[in-house]
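Numbers -15 to -1, 1 to 601, taken from mature numbering (1 follows the signal peptide of the UniProt record, and there is no 0), label the letters of the sequence shown in order. Shown next, in structure tokens, is the structure this report addresses.
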Amino acid sequence: MKVIILISLFTLCGGFNIFKSFWSGIFGGENRNKRQSEITCNGFCGIIPKSCPKNSRYRTIDGSCNNIQNPSWGTPNTSYVRLRPSNYGDDISSMPTTKSGCPLMSTREISLLTVKDKPIVDTDVSLTAMQFGQLVAHDMSLTAGVLRTGITCCANGQDVGTNPRCANIPVPPNDDVHPGQKCLNFLRTLTTKDNNCTTNNVPAAPLSIVTAFLDTSFLYGSTDSQAKQLRTMVGGRMKTVTRNGQEWPPQVPEPTQICNVQSNTESCYLAGDIRINQNVELAMLQLIFLRKHNQVADYLHLKHVDWSDEKVYQETRRIMCAYNQHITYYEFLPQYLGRENMLKKKLIYENIQDYINDYDPRANPGVSIEHASVAFRFLHSAIAGMLKMYRENGEFAGSVRLSSWMLKPSILEEGSNFAQFARGINTQPQMAMDINYDNETTTFLFRGNNENGTDLAAIDYQRARDHGVASYNDLRTYCGFPRAIDFCDFYDLIPKKLVEILQKIYKTPDDVELAVGGGFERLAKGARVGPTFLCILEEQFSRTRRSDRYFFELGDQDGAFTPEQLSSIRRGATMSRIFCDVAGIKNIQRKAFELISDTNPVVSCDEIETIDLSLW
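Shown next, in the form of structure tokens:
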């Protein structure tokens, strides 16, 4: 099995004064509520620009200068926000323990106790929604130190690591999947301690090495050098290679070091986000955004022959970011947070023709660790283990195992597979969001050429520990629910039979971890997550919107769209339209994130509205 390699290029740190400025401004103003004032952080690194143009029409690649007063906010190598204080065993950086100081149960054992490998399908939401969620996650965060480290902690089920970052997951003796093995490999991520971004007595905070903004960095990258590497520098286009009459991403320099391939001639894609090759359908979604960029750039280049390459590129990037933001907020998030919940929290608006000027320069775009490491990872339960393909006439064309094609995207290029996967992802349901996972993710994940792999649920739980995420009880109170003194106090949000499982895992209510307790909750009204996760997700996407000076619906900034352009974006920037334009399909349901039904039938692509590019 190959391990993706990544070297962080971001080494510039700002010192303690910047640290204080960064965190004091997360939620400024006199009307901060209790939740906002309790947000904490543990350090800061980031890109510090020499100066910021006050009237720039375009966002920077690295996110700097989005906030003129705090130009480093949202830049790569920035520490995650904490909604509640960290939970480390030594209060600084060590793996958590119980409140009495005893070791917590192995996360593999917790997975075996809690996760069932017989997931049920969601009857309303397509697999496209789950997969787009991964794209959103990758757009907003990439934790430093998890890729291309060269460090092995567990080999052939035996502890071999001496690196202090090794924190292998113990395998219980009764594990039928991993008999005779003692561990699952796990390496701790890099933090502010590793980059000297904080003082010794301040708790560690993980670092994200991509921009925090929803700025389509998975396509364009998060540094100027990365962005230039991906451009042709002609006509505003991005680099592609043509094979069998179709555009594909360029090749990475050393495919055998990045992907699960045997030769450097096999496909292994280069993109704004290095994780593009992780799975087939993630690669497909990133590729359709790449193709769409070039389609838009070609139109603008032909229409405006006097525009430079830079002008075409930046205008196309503005449009693609608008596509991404509109799809995320108005199509994707309502499937999980609930439309009415989002309207109530002013994450979206309805029947609005004008600009929505809700930018708040006091709001910090930093991604919360509770969001990135726990709440948004709950989408992992929606992953399907078999990826289906369909022909143009609707006939089933076959399926492939998710684990067989991880880090190996070449199957997309075989015959008409790309279009067949595109139809499949829109036709196939996602799995229901609950405590059930497909065994492709709990038994066979990243197996490469081996029979078995690792356990995604166990990794998720372990990563939350690695990041010192506060307890479930702490986040319950943050979200306005009473603190549990006894396990029976959890009955308000968690079914009794699941509380009984918690009692088998944890000694006290304060020991219950957010990833487990939050996942056990009954779904919130109108949502596909429980009340605590909903609270965390709403908090994050509220700040993500309000902290972005270039958010597509704003009108009082230099990069604003005209009213006519904005109206066209609101009508035509949809996931279905992008599939129609560049995925080689002729028919699709209007709402790509919802399953085909009587109210969401398959229609000709000719019937799906598009953005009117003549307005540019």
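Backbone N, C-alpha and C fix where the C-beta goes; we use that ideal spot for every residue, glycine too. These numbers were taken from a predicted model, which means no experiment stands behind them.
For residue i, which residues from the same chain have a beta carbon less than 7 Å from its beta carbon, with the 5 sequence-adjacent residues on both sides left out?
i, result
"L580", "D109, V110, S111, P414"
"L397", "V265, A268, M269, F403, F406"
"Q54", "P346"
"F429", "S388, N437, G438"
When the distance is taken between beta carbons, is residue j closer than 8 Å to residue i?
i, j, result
"E355", "L499", "yes"
"Q310", "D566", "no"
"Q574", "S561", "yes"
"D209", "N424", "no"
"Q299", "Y43", "yes"
"V484", "Y491", "no"
"L392", "N245", "yes"
"D440", "T427", "yes"
"H278", "T301", "yes"
"I273", "I32", "no"
"T99", "I486", "yes"
"P235", "T227", "no"
"R276", "E232", "yes"
"A360", "L199", "no"
"P56", "C37", "yes"
"A367", "D107", "yes"
"P494", "F518", "no"
"H286", "G206", "no"
If we ignore side chains and look at the alpha-carbon of each, how far apart do residue i and residue j end up?
i, j, result
"A404", "S395", "14 Å"
"Y254", "C87", "45 Å"
"I194", "Q143", "31 Å"
"Y334", "L328", "6 Å"
"Q211", "G257", "7 Å"
"G59", "P467", "33 Å"
"A449", "L172", "13 Å"
"I341", "K331", "10 Å"
"E505", "V497", "Note that residue 505 is Phe in the sequence shown here, rather than Glu. Approximately 11 Å between the Cα atoms of the pair."
"G511", "E325", "7 Å"
"S41", "I554", "21 Å"
"E436", "S527", "43 Å"
"L372", "S384", "5 Å"
"A416", "A114", "Reading off the sequence shown, one finds Met at residue 416, where the question assumed Ala. Their Cα atoms are separated by approximately 11 Å."
"T201", "N378", "33 Å"
"F431", "N572", "34 Å"
"R362", "D160", "24 Å"
"K307", "N181", "Per the sequence shown, the amino acid found at residue 307 is Ala instead of Lys. Roughly 36 Å between the two C-alpha positions."
"V588", "M80", "52 Å"
"M90", "G323", "34 Å"
"T177", "E295", "36 Å"
"Q525", "L68", "10 Å"
"Q514", "Y321", "Note that residue 514 is Val in the sequence shown here, rather than Gln. Spanning the two alpha carbons is a distance of roughly 7 Å."
"M223", "V297", "11 Å"
"N229", "S252", "14 Å"
Excluding the 5 residues flanking residue i on each side, which residues of the same chain have their C-beta closer than 6 Å to its C-beta?
i, result
"K19", "In this prediction, K19 scores a pLDDT of 36, lower than 50, which makes its location untrustworthy; the coordinate-derived value is nonetheless stated afterwards. Taken in chain order, the list of residues that qualify is empty."
"S582", "none"
"H123", "F203, D258, R260"
"C131", "For the sequence presented, residue 131 should be read as Val rather than Cys. So the qualifying residues of the chain are T174."
"R150", "L172, R173"
"C520", "C464"
"G370", "L387, D423, E425"
"A443", "T92, R93, S96, I154"
"P586", "none"
Round the Cβ separation of residue i and residue j to the nearest angstrom and send it over; I've been treating them as touching at under 8 Å.
i, j, result
"S532", "D345", "7 Å"
"L364", "G118", "5 Å"
"I154", "T82", "That pair is no contact at about 16 Å."
"T313", "V121", "6 Å"
Return the first residue and the last residue of the beta strand (DSSP E) that residue i is part of.
i, result
"residue 681", "Residue 681 cannot be examined here, being either before or after the span of the chain that is shown, -15 to 601."
"A382", "381 to 386"
"M416", "414 to 416"
"R575", "First-last for R575: undefined, no H or E at that position."
How far does the alpha helix (DSSP H) with residue i in it extend, from its first residue to its last?
i, result
"I95", "92 to 99"
"Q236", "First-last for Q236: undefined, no H or E at that position."
"T301", "294 to 312"
"L372", "Careful: L372 lies outside any alpha helix (DSSP H), inside the beta strand (DSSP E) at 371 to 375."
"D459", "457 to 463"
"V588", "Segment 587 to 589 is the beta strand (DSSP E) holding V588; no alpha helix (DSSP H) there."
"S202", "202 to 205"
"Q447", "441 to 451"
Might you give, ordered along the chain, the residues of its own chain that have their beta carbon closer than 8 Å to the beta carbon of residue i, omitting 5 neighbours on each side?
i, result
"P188", "N27, P70, S71, Y73, D76, I77, S78, G453"
"T137", "V145, G146, N170"
"S126", "Y65, S193, V195, A197, V352, A357"
"T547", "L600"
Taking only beta-carbon positions, decide if residue i is within less than 8 Å of chain D.
i, result
"N245", "Among the protein chains of the structure shown there is no chain D, as only one such chain exists."
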